[in-house]
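Only one structure is covered here, and it is reproduced in the block below.
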Amino acid sequence: MSPFYARSVARRLRWSSDKETILNVRVPVICVASYSAVSLTRLAFATQNNLESALWFWEHAQTEKPLIVFGSCSHAFGGAHLWEERMKTETCARYGARCLPCGPILNSVDEMRVWRKKLSEECGVPSRMLISTCEMHSKSELLLSRMVFPETTTYIWANSHELEVQKDHPTDDQASWPRWTYCSLLRYCVFKSASMMPQKQQQRLLDRLQSVHHKPGKLKVNP
Numbered sequence: 059m060s061p062f063y064a065r066s067v068a069r070r071l072r073w074s075s076d077k078e079t080i081l082n083v084r085v086p087v088i089c090v091a092s093y094s095a096v097s098l099t100r101l102a103f104a105t106q107n108n109l110e111s112a113l114w115f116w117e118h119a120q121t122e123k124p125l126i127v128f129g130s131c132s133h134a135f136g137g138a139h140l141w142e143e144r145m146k147t148e149t150c151a152r153y154g155a156r157c158l159p160c161g162p163i164l165n166s167v168d169e170m171r172v173w174r175k176k177l178s179e180e181c182g183v184p185s186r187m188l189i190s191t192c193e194m195h196s197k198s199e200l201l202l203s204r205m206v207f208p209e210t211t212t213y214i215w216a217n218s219h220e221l222e223v224q225k226d227h228p229t230d231d232q233a234s235w236p237r238w239t240y241c242s243l244l245r246y247c248v249f250k251s252a253s254m255m256p257q258k259q260q261q262r263l264l265d266r267l268q269s270v271h272h273k274p275g276k277l278k279v280n281p
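Next up, the structure:
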């Protein structure tokens with residue numbers, strides 16, 4: 059269970075649509091936020107849960123099945139993105155879900171820009187999309203999506219913040235509640251500030267933020 063301060067912060071940083079609304083708008087694309095893998099054979103709890111939620115919406119889509127889009131964290135340990143991408147792709151294959159792996163990502167700005175680049179190349183930027191993420195990132199993801207996908211109506215599904223911190227996570231920030239809570243608050247404040255800037259200034263700030271990422275992690279458990 060998370061500490062009281064994390065629960066309080068999560069309530070303030072949470073943004074989520076209800077399931078009925080998401081199903082009714084029939085999004086053609088579901089983007090799955092990455093919280094990395096924790097070993098060569100296991101996804102982080104948050105990553106796994108985000109993917110499972112995306113596949114729930116895929117299963118319950120009323121007409122055409124949406125495309126599942128994801129990048130994979132490259133900073134958790136050497137080659138982490140390759141193992142994460144493989145596990146996600148295999149999970150989608152078991153469901154029969156069409157997916158679009160987008161390669162390695164360093165942080166949320168990089169991740170969302172990679173989604174946009176890959177979608178532009180493969181099928182075009184969608185008019186509607188769903189992002190499956192966790193509570194402490196959910197409101198920030200909405201703000202960021204409006205800057206990276208200004209022509210797209212974005213819906214957010216927020217999974218429990220309880221899964222965001224994991225003691226055996228390779229990245230130290232995501233293995234510590236105080237550090238992760240601070241990072242999440244800072245992230246929201248920066249994106250909120252960016253969202254109020256003129257577009258050129260906003261994009262310059264996002265360019266700088268794209269190069270900022272967690273310190274490289276290392277495996278804490280056996281594969």
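Counting from 59, one number per residue, gives the positions in the sequence shown under my numbering.
C-beta: ideal position from N, C-alpha, C; glycine also.
Three-state class that DSSP yields for residue i in the structure shown
| i | result |
| --- | --- |
| P274 | coil |
| S190 | strand |
| C181 | coil |
| P159 | strand |
| W238 | helix |
| V83 | helix |
| K225 | coil |
| F62 | helix |
| F249 | helix |
| D231 | helix |
| D76 | coil |
| S269 | coil |
| A134 | coil |
| L164 | coil |
Residue i to residue j span [Cα, whole Å]
| i | j | result |
| --- | --- | --- |
| R245 | L201 | 11 Å |
| L98 | K197 | 30 Å |
| W116 | S251 | 34 Å |
| H195 | V85 | 21 Å |
| R100 | Q232 | 15 Å |
| E169 | I163 | 5 Å |
| Q257 | E209 | 14 Å |
| W235 | E122 | 40 Å |
| Y63 | A119 | 36 Å |
| S74 | C131 | 23 Å |
| K77 | G161 | 28 Å |
| A134 | M187 | 27 Å |
| L243 | R204 | 19 Å |
| K175 | A95 | 23 Å |
| L267 | L113 | 30 Å |
| V87 | E148 | 19 Å |
Where the beta strand (DSSP E) containing residue i begins and where it ends
| i | result |
| --- | --- |
| T211 | 211-217 |
| L125 | 125-131 |
| P256 | Looking at the DSSP string, P256 is not in any beta strand (DSSP E), and its letter there is neither H nor E. |
For residue i, the first and last residue of its enclosing alpha helix (DSSP H)
| i | result |
| --- | --- |
| V279 | First-last for V279: undefined, no H or E at that position. |
| L140 | 138-153 |
Residue ranges of each beta strand (DSSP E) within the segment 87-130, 3 or longer: For the beta strand (DSSP E) assignment, the uninterrupted runs of no fewer than 3 residues enclosed by the segment 87-130 are, from N- to C-terminal side, 87-90.
Contact between the segment 140-155 and the segment 68-75: three or more CB pairs below 8 Å? no
Sufficient close CB pairs (3 or more, under 8 Å) joining the segment 135-143 to the segment 178-191: no
Give a yes or no on contact between the segment 105-114 and the segment 59-66, applying the rule of three or more CB pairs nearer than 8 Å. no
Could you tell me whether the segment 268-275 touches the segment 220-232, where touching means 3 or more Cβ pairs closer than 8 Å? yes
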